[in-house]
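**Q**
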Amino acid sequence: MDLAIDAPAPAAPDCADDGTWLACIECDETFAPFEAVRYTCDECDGLLEVRYDDPPTFDEFGSGAPSEGPDRGVWRYREALPFDLGVTLPEGDTPLHRVPRIEEAVGVDALRIKHEGMNPTGSFKDRGMTVGVRVAKELGVGALACASTGNTSAALAAYGGRGDMQTLVLLPAGKVAAGKVAQASLHGARILEVDGNFDACLDIVQELAARGEAYLLNSLNPFRLEGQKTIGFEILEECYADYGGFPDRIVLPVGNAGNTSALYKGFRELVQSGALDADEVPKLTGVQADGAAPMVEAIEEGNDEIRRWEEVETRATAIRISPPRASASSRPPPRASPG
Ligand SMILES: [Zn+2]
């Protein structure tokens, strides 16, 4: 599959539902998007990506009468998403703060910080959940589950609650910020603390999903990235309004690189529609903490595979993970991104 930033828009296969389908990023196999619960490719176990035959333009964002949908937040970008509206709290439309003292300290003319903590449960994960829980409804599943280092569990619990669904979150015991556990609990999730690390939690939750007992909303779920790509759309729109151009570079913290992949995918779709030239796409730079830097290690050592670190440690708990066996870390970029 051609995942280059200037790859042409794909033609819809027969299995597409209203111009939307799932495609394997490894072998190109395509699947109907909402007929069955599916997290990876039936043929090769590769990661799946949501595809559209009609990628969005900037003019389509927030267009139409108010009755047709929200003008702010994630669902402003419904033309780039599988549905017109999700299970919403609502989310997105987060501030892009000006930071003059940091600009001066690092010697950059214009630096802005996107405050994703302003989402309903306090993290960008809400953007993915508004889409993912809507898909769960479409699939007709009644229970949701995730393994989490904290933010995902809070988001899953809140959106599952809003969607009137049962939620189960698995947390590595003693490794999650107390406030995040409290959030999940207050939203009615069943919480299971696992004596092990994040990967041990993921193993259990994947077994539950394989037995059909819960719909998995971990990072390998392709629909969550769809909501997360709206971070990139908001940045481009706001920068264009403020500066008359797009940013040169976007710097993101990297756990399993879900957001990096999501923003790249969103920009690729804008290039496909002709809304953005390939050379206007901001460079994406991922940052890892010293104590949890398996991707940095792979790039520095020139390895094709990302080594799993048995011990990861950083105060930034949301990125305290070694890449799980099947995760968004296998998606492009890091290296596919221009720059
Ligand atoms: Zn495949």
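Its first residue numbered 2, the sequence shown is counted upward by one per residue in this note's numbering. For glycine and all other residues, C-beta sits at the position ideal for the given N, C-alpha and C. Since we're looking at a predicted model, the values are computed, not measured.
Return yes when the Cβ of Gly123 is within less than 8 Å of the Cβ of Ala155, no when it is not.
**A** Indexing the sequence shown from 1 puts residue 155 at position 154. Indexing the sequence shown from 1 puts residue 123 at position 122. Going by C-beta atoms, Ala155 is nearer than 8 Å to Gly123.
**Q** Within the present structure, is the beta-carbon of Cys25 separated from the nearest heavy atom of ligand 1 by less than 7 Å?
**A** Translated into positions along the sequence shown, residue 25 becomes position 24. Correct: Cys25 has its Cβ closer than 7 Å to ligand 1.
**Q** Count the C-beta pairs between the stretch 241-249 and the stretch 204-216 that are closer than 8 Å, then say yes if the count reaches three, no if not.
**A** The answer is no - the stretch 204-216 does not touch the stretch 241-249, with fewer than three Cβ pairs under 8 Å.
**Q** For the alpha helix (DSSP H) containing Ala179, name the first residue and the last one.
**A** By one-based count along the sequence shown, residue 179 stands at place 178. That run of the alpha helix (DSSP H) goes 179-187.
**Q** Tell me where the alpha helix (DSSP H) around Ala148 begins and ends.
**A** Here residue 148 is taken as the residue at index 147 of the sequence shown, counted from 1. Unbroken run through Ala148 is the beta strand (DSSP E), 144-148; no alpha helix (DSSP H).
**Q** Does the distance between the C-beta of Gly228 and the nearest non-hydrogen atom of ligand 1 fall short of 7 Å?
**A** Sequence index remark: in the sequence shown, residue 228 carries index 227 (1-based). Every heavy atom of ligand 1 is 7 Å or more from the Cβ of Gly228, so no.
**Q** Answer with buried or exposed for Ile103, where buried requires no fewer than 16 other C-beta atoms within 10 angstroms of its C-beta.
**A** For the purposes of this step, residue 103 is taken as the residue at position 102 of the sequence shown. That one is exposed.
**Q** I'd like the ranges of any beta strand (DSSP E) spanning at least 3 consecutive residues and lying wholly in the stretch 205-274.
**A** Here the runs fully enclosed are 250-254.
**Q** Would you say Gly47 touches ligand 1, meaning its beta carbon is less than 7 Å from a heavy atom?
**A** Locating residue 47 in the sequence shown gives position 46, where the first residue counts as 1. Yes, since a heavy atom of ligand 1 falls inside the 7 Å radius drawn around the Cβ of Gly47.
**Q** Do the stretch 214-232 and the stretch 29-48 meet, that is, are 3 or more Cβ pairs less than 8 Å apart?
**A** In short, these stretches touch, since the Cβ pair count reaches three.
**Q** In this structure, does DSSP put Cys202 in helix, strand or coil?
**A** On the sequence shown, residue 202 is found 201 positions in, with the first residue counted as 1. Three-state result, Cys202: helix.
**Q** List the residues that DSSP assigns as beta-bridge partners of Tyr1.
**A** Outside the displayed range of the chain (2 to 340) lies residue 1, so it cannot be described from this structure.
**Q** Under the criterion of a Cβ to heavy atom distance below 7 Å, does Glu30 qualify as lining ligand 1?
**A** Walking along the sequence shown from the start, residue 30 turns up at place 29. Because some heavy atom of ligand 1 lies under 7 Å away, the Cβ of Glu30 counts as near it: yes.
**Q** Which stretch, first to last residue, makes up the alpha helix (DSSP H) that contains Val288?
**A** Locating residue 288 in the sequence shown gives position 287, counting from the first residue. Element bounds for Val288: not the alpha helix (DSSP H) but the beta strand (DSSP E), 284-288.
**Q** Would you call the stretch 260-278 and the stretch 309-317 in contact, with 3 or more CB pairs under 8 Å?
**A** Taking 8 Å as the limit for Cβ pairs, the verdict is that the stretch 309-317 does not touch the stretch 260-278.
**Q** Just list the residues that DSSP pairs Leu172 with in beta bridges.
**A** Position 171 of the sequence shown, counted from the first residue, corresponds to residue 172. Beta-bridge pairing links Leu172 to Glu194.
**Q** Residues in its own chain within less than 6 Å of Ala10 by CB, not counting five upstream and five downstream?
**A** For the purposes of this step, residue 10 is taken as residue 9 along the sequence shown, with counting starting at 1. These residues qualify, in order along the chain: Pro56, Gln273.
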